[in-house]
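**Q**
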Amino acid sequence: MADSPFTITLGDPGNFDLRAAGARMDRKPVGIHFYKRKWPLDALGRVRYLQGAYSFDIPRVSGVMGTSDPEAPEEGIYSWNIRAFAMDGERVPHALARDRLFALFDDILRAGWRRHLLPTEPRLRGLEAIRYSLSKPGGYALDPALVPSLDQWMQINLHLPYWQFWADGVYMTVRAIDEPALRNSKGGGVYMFAIELENEASYFWGYFRNVEDMKRWKELIPAKLASYRHLRPRAEAELRSQGYEIDETYRDPPILALGETA
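Residue numbers for the sequence shown, in this note's numbering: 1052 to 1313.
1) Sorted by chain position, which residues of the same chain lie with C-beta nearer than 6 Å to residue 1297's C-beta, five sequence neighbours on each side aside?
2) Around the Cβ of residue 1052, are there at least 16 other Cβ atoms within 10 angstroms (buried) or fewer (exposed)?
3) Could you check if residue 1171 is buried or exposed, using at least 16 other CB atoms within 10 Å of its CB as the buried criterion?
4) When burial is assigned at 16 or more other CB atoms within 10 Å of the CB, is residue 1152 buried or exposed?
5) Exposed or buried, which one is residue 1059 when buried takes at least 16 other CB atoms within 10 Å?
6) Tell me, to the nearest whole angstrom, how far the beta carbon of residue 1226 is from that of residue 1242; I am working on the premise that it is less than 8 Å.
7) May I ask you to report which of helix, strand or coil DSSP gives residue 1070?
8) My parser needs the beta strand (DSSP E) runs of 3 or more residues fully inside the region 1121 to 1151; what are they?
9) Nearest to residue 1169 by CA position, among 1300, 1290, 1282, 1143, is which residue?
10) Please report how far the alpha carbon of residue 1269 lies from the alpha carbon of residue 1279, in whole angstroms.
11) Can you give the Cα-Cα distance for residue 1275 and residue 1221, rounded to whole angstroms?
12) So what does DSSP say about residue 1206, is it helix, strand or coil?
13) What residues in its chain sit with their C-beta under 7 Å from that of residue 1065, if we drop five residues either side in the sequence?
14) Considering only residues of the region 1085 to 1111, which uninterrupted beta strand (DSSP E) runs meet the minimum length of 3 residues and lie entirely inside it, listed in chain order?
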């Protein structure tokens, strides 16, 4: 694995080093620009995501892809998708894959990132989040501060587990993919970690279906979120009746473009 990290950042595409080996920019007919770099599987890279105090490194990276839209030049590169692996060879013991993922989470949390939940979702942490995710079709963002036991790790891996974070207007989702066709409980697994980073505009575009509404997201998002406001209390009341403990300390992130503060 390369010792010197390759740096990426949201915003100005000029910060992407097109001179690096394996780097290129693709201009698609739809007008979207993709900034890419790939590493061979026998020489995986190290990537450093730059965001001031919230910066962190990602080891064993096989590829990165940043996205920008010439029709929204003010956003620059508004999202990054990163593919990383847990193993150095063909397979990795399941416990080591878990430990390597949570070492990354430890770095992310130490850098000041916070856990993120959708505004419709109940506020659960630790073992309560695992318990709920195993009972919920489609999953639930797990708690990055809790390292699951090996038995719990093997259970949650059947459901494509994911974790969500936010920091200063940027949103991140990390998914662990233990390739089902190659899974072997004793012989280890083939693990890929898919990491997506989005700026605030890109994240809130996802609440709308048509392009015109996406362009007006700052105007429309307060009413959109207000329409969901009853869903979390309803879900939490139901879970309390089932014996779940709600994390009353959790707070949704501020929307910086609307002038909100933490």
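In this text, a Cβ means the ideal position worked out from N, Cα and C, and glycines have one as well.
**A** The answer reads as follows:
1) Answer for residue 1297: 1174, 1287, listed in chain order.
2) Because the pLDDT at residue 1052 is just 48, under 50, the model does not fix this residue reliably, and the value given afterwards should be weighed accordingly. Exposed, because fewer than 16 other Cβ atoms sit within 10 Å of the Cβ of residue 1052.
3) It is exposed - the Cβ of residue 1171 has fewer than 16 other Cβ atoms within 10 Å.
4) With 16 or more other CB atoms across the displayed protein chains lying within 10 angstroms of its CB, residue 1152 is buried.
5) Residue 1059 is buried by the Cβ-count criterion.
6) Contact between residue 1226 and residue 1242 fails: their C-beta atoms lie close to 11 Å from each other, not under 8 Å.
7) Residue 1070 falls in the coil class under three-state DSSP.
8) Runs found: 1128 to 1136.
9) The option with the nearest alpha carbon to residue 1169 is 1282.
10) So the alpha carbons of these two residues sit roughly 17 Å apart.
11) Whole-angstrom Cα-Cα distance: 20 Å.
12) Annotated three-state conformation of residue 1206 is helix, per DSSP.
13) Excluding the 5 residues flanking it on each side, residue 1065 has no same chain C-beta neighbour closer than 7 Å.
14) Uninterrupted beta strand (DSSP E) stretches at least 3 residues long and entirely within the region 1085 to 1111 occur at 1096 to 1100, given in chain order.
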